[in-house]
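Peer 1:
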Amino acid sequence: MQNDKLSDCLDQFIKHCKKFDLRITPQRCAIYKKLIKEENHPTAEEMFNIVRKEFPNISYDTVNRTLLTFAEIGLVDVVSTKGGPRRFDPDMDKHHHFHCIHCGKIVDFYSDEFDNLGIPDYFQDDFTVYTKRVVLNGLCKKCRKKKGLKDRNIAIQNKK
Ligand SMILES: [Zn+2]
Ligand SMILES: [Zn+2]
C-alpha cells in the first residue's frame, strides 16, 4: 500500500472509531495499521504474532477481541473459510476472493463483471442485500503445480 493511501486509511480509521465511540488506543491503532499492510487476510493468531513484536505484553485475546470489534463497526470484514479459522479483511472496497482449497490462501481479485452481477428477483422478496462478493474455490498456482493438476475448472459460488 502506498503511503498516501495508508494515511487516508488511518484518517478513515480515526473517523470511524470516533463515530462509533471506540477509544483510539496505541494498540488498536497498531493492530489496524498492521492489518491494512497484510494482503493475505490474516487470522487473529497471525495478527497476534505480528503485533506482539511491537507490543510484547499484548495478549492473543486482546488482538482477537479488537479485530472482532473492528468487524462489528464495519471497519474490517470477516472472511470465514470452511473448517478454517476466521480471517480478517481490511479492504472494504469492492473486490472478490479466490480461495485455495489446498493451502487456504485467499487472494483478492477485481472484476467489473462480477461487481455488476444482479440479484435474482425472487431473492429480493425475502432478503435485503447490502453487500455482494463472489468467491471462487480452487487451487492456487503453487498448489496446482504441487499436485500436478492441470485442471483449470473452478467451482463458482456466490457468497453474501
Ligand atoms: Zn494453494
Ligand atoms: Zn479480500
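So for the sequence shown, our numbering puts the first residue at 1; every next one is plus one. Even glycine gets a Cβ: it sits at the ideal position worked out from N, Cα and C.
(1) Using 7 Å as the cut-off, classify the Cβ of K147 as near or not near the heavy atoms of ligand 1, replying yes or no.
(2) Under 8 Å, with one C-beta from each stretch per pair, do the region 38-48 and the region 16-30 reach the 3-pair mark?
(3) Check each candidate in Y60, M47, C100, N64 and name the one with the smallest Cα separation from K147.
(4) Can you tell me the Cα-Cα spacing of P178 and G138, whole angstroms?
(5) Considering only residues of the same chain and omitting the five flanking positions on each side of R23, which have a CB-CB separation below 8 Å?
(6) Rounded to the nearest angstrom, what separates V79 and E45 at their Cα positions?
(7) Quick one: give me the first and last residue of the beta strand (DSSP E) that R133 is part of.
(8) In whole angstroms, give me the CA-to-CA distance for D175 and K33.
(9) Which residue or residues does DSSP assign as beta-bridge partners of V187?
(10) CB F114 to CB H96, shorter than 8 Å?
(11) Roughly how many angstroms lie between the CA atoms of K142 and F98, to the nearest whole one?
(12) May I ask you to check if the CB of C17 is nearer than 7 Å to at least one heavy atom of ligand 1?
(13) Closer than 7 Å by C-beta to R28: which residues in its own chain qualify, once you throw out the five before and the five after it? Chain order, please.
(14) Roughly how many angstroms lie between the CA atoms of Y60 and K132, to the nearest whole one?
(15) Comparing alpha-carbon positions, which option in M92, T62, H102, Q124 lies nearest T81?
(16) Find out if the Cβ-Cβ distance for the pair P26, F88 is shorter than 8 Å.
Peer 2: In short:
(1) no
(2) no
(3) C100
(4) Since the first and last residues shown for the chain are 1 and 160, residue 178 lies out of range.
(5) C17
(6) 14 Å
(7) 133-138
(8) Residue coverage of the chain in this structure runs from 1 to 160, which leaves residue 175 outside it and unanswerable.
(9) Because the chain is modelled from 1 through 160, residue 187 falls outside the range shown and cannot be assessed.
(10) yes
(11) 14 Å
(12) no
(13) T66
(14) 31 Å
(15) H102
(16) no
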